[in-house]
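Read through the structure below, which is laid out as structure tokens, and then see the notes.
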Amino acid sequence: MPIWSIMVRVMLLAAVVAPAWGAPRFSELFPRSTNAQGTEAAKQASSAALVPEETEEEKLIDAVTIRQVKFANEWNPDPTAPPQLCYQFRKALRMRCQWISEPIELSDPELFKCPLLYMSSHNSFNFTKAEREGLKRYLLQGGLLISDDCSGGGGGWLPSFAMELEKMFPGNPLVDISPDDKRFKGVFNICYTFRGTPKIVSDFDNVALMLDNRMAVFVGKDDYGCMWEVSSPPTAAAPLGVSNHGFGPSEMATAFEFAFN
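1 is the number of the first residue of the sequence shown in our numbering; add one for each residue after it.
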């Protein structure tokens with residue numbers, strides 16, 4: 001094999017595995033700039049879209065595909081959150097993430113073409129029989145559902161969701177995710193300020209549904225969606241965008257770190 005070919009392969013491998021070595025902070029991925037530089041960059045980027053399109057180079061890479069679940073409730077409380085998550089995923093991990101903007105119902109046969117589903121709401125609800133059967137089949141066949149309590153524990157969504165999972169998988173309750181779980185250390189070192197209070201991983205209250213020792217459903221109780229949502233696009237001055245709910249950059253970075261890990 002030619003020496004140049006070996007060097008190219010080594011460089012590509014290093015680009016893929018480098019994020020996992022040294023566990024950087026999410027904010028370290030962005031270059032710092034002076035206020036003057038940031039202001040000028042913001043002016044130049046004022047016409048940018050909320051979530052920039054993928055580059056042609058990114059479209060050539062196999063994608064992590066995410067699609068949102070539509071159900072009989074307030075199913076889309078944070079409209080810009082999932083596409084913003086995909087955009088930051090691409091930039092932070094140098095991997096392609098495709099957000100399919102059209103929502104999908106759990107009774108839709110197309111469900112099985114989506115390896116990753118996202119679901120969020122505030123209030124209590126009930127699945128239909130068809131939705132329940134569709135989601136159960138999806139999870140048993142290897143699908144992953146990320147669910148976000150948009151009320152942050154203050155509404156009826158989480159109890160309703162837990163009861164629906166119990167109907168589908170009786171005797172298999174949601175389990176706490178251990179603070180030392182490798183999923184919290186695989187990419188970023190998580191220790192930061194969250195909702196204005198210094199916290200570490202052990203302070204977070206996230207649970208999951210496990211099937212055959214595999215995480216099938218991740219349940220976030222801290223309303224990550226609101227921290228992903230933006231009211232203005234990412235710029236050089238504000239690489240995470242501007243929060244739609246008044247969260248600061250460190251809190252937004254916190255939510256992205258959890259999602260990426």
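Using N, Cα and C, we set each Cβ at its ideal position, and we do this for glycine too.
Computed from a predicted model, the values in this text were never measured in an experiment.
Indicate whether the contact test is met: 3 or more Cβ pairs, each with one atom in the region 135-150 and one in the region 94-104, closer than 8 Å.
Touching, no.
Can you tell me whether DSSP reads Ala23 as helix, strand or coil?
Within the sequence shown, numbered from 1, the residue matching residue 23 stands at position 23. Residue placement at Ala23 is flagged as unreliable, the pLDDT there being 40, under the threshold of 50; the coordinate-derived value follows with that caveat. DSSP places Ala23 in coil when its eight states are reduced to three.
Hey, quick one: how far does the alpha helix (DSSP H) through Val161 stretch, first residue to last?
Translated into the one-based positions of the sequence shown, residue 161 becomes position 161. In the sequence as presented, Val is not what sits at residue 161; that position holds Phe. It spans Trp157 to Met168 - the alpha helix (DSSP H) in which Phe161 sits, taken as one unbroken run.
Span separating the alpha-carbon of Arg90 from that of Thr128
Locating residue 90 in the sequence shown gives position 90, counting from the first residue. Locating residue 128 in the sequence shown gives position 128, counting from the first residue. Distance between the alpha carbons of Arg90 and Thr128 is about 35 Å.
Enumerate in chain order the residues of its own chain whose CB-to-CB distance from Val69 is below 8 Å, with the five nearest sequence positions on each side excluded.
The residue given as residue 69 occupies position 69 in the sequence shown. Cβ within range, chain order: Trp75, Pro103, Ile104, Glu105, Leu106, Leu117, Tyr118, Met119 and Leu145.
With a 10 Å radius around its C-beta and 16 neighbouring C-beta atoms as the bar for buried, classify Gln141 as buried or exposed.
Numbered from 1 along the sequence shown, position 141 holds the residue referred to as residue 141. Result: exposed.
Which class does Phe218 belong to by DSSP, given the choice of helix, strand or coil?
Translated into positions along the sequence shown, residue 218 becomes position 218. Note: Phe218 maps to strand in three-state DSSP.
Span separating the alpha-carbon of Arg96 from that of Val64
Residue 96 sits at position 96 when you count from the first residue of the sequence shown. Residue 64 sits at position 64 when you count from the first residue of the sequence shown. When rounded, the distance between both Cα atoms is 6 Å.
Verify whether the separation of the beta carbon atoms of Ala72 and Phe112 is less than 8 Å.
Locating residue 72 in the sequence shown gives position 72, where the first residue counts as 1. Locating residue 112 in the sequence shown gives position 112, where the first residue counts as 1. It is not a contact, given that the beta carbons lie outside the stated cut-off.
Considering only residues of the region 80-117, which uninterrupted alpha helix (DSSP H) runs meet the minimum length of 4 residues and lie entirely inside it, listed in chain order?
81-93
Have a look at Met215 and Phe161 and give me their C-alpha separation to the nearest angstrom.
On the sequence shown, residue 215 is found 215 positions in, with the first residue counted as 1. On the sequence shown, residue 161 is found 161 positions in, with the first residue counted as 1. One C-alpha to the other measures close to 16 Å.
Could you check what DSSP says for Ser47 in three-state terms: helix, strand or coil?
Within the sequence shown, the letter at position 47 stands for residue 47. The predicted model places Ser47 with a pLDDT of 37, which falls under 50 and marks its position as unreliable; any figure quoted below should be read in that light. In the structure shown, Ser47 sits in coil (DSSP, three-state: anything other than H, G, I, E or B).
Would you mind sorting Pro83 into buried or exposed? The rule is 16 or more other CB atoms within 10 Å of its CB.
Counting from 1 along the sequence shown, the entry for residue 83 is found at position 83. The residue in question, Pro83, is buried, as its Cβ has 16 or more Cβ neighbours within 10 Å.
Could you tell me which residues DSSP puts in a beta bridge with Thr128?
Here residue 128 corresponds to residue number 128 of the sequence shown, with the count starting at 1. Answer by DSSP bridge pairing: none, since Thr128 is not bridged.
In whole angstroms, what is the alpha-carbon distance linking Pro159 and Glu133?
In the sequence shown, counting from the first residue as 1, residue 159 sits at position 159. In the sequence shown, counting from the first residue as 1, residue 133 sits at position 133. Rounded to the nearest angstrom, the two C-alpha atoms are 19 Å apart.
As assigned by DSSP and simplified to three states, the class of Leu174
To locate residue 174, count along the sequence shown from 1; it is residue 174. In this structure, Leu174 counts as coil in the three-state DSSP scheme.
In or out: Ala81 buried (at least 16 other Cβ within 10 Å) or exposed?
Numbered from its first residue, the sequence shown carries residue 81 at position 81. Buried is the call here.
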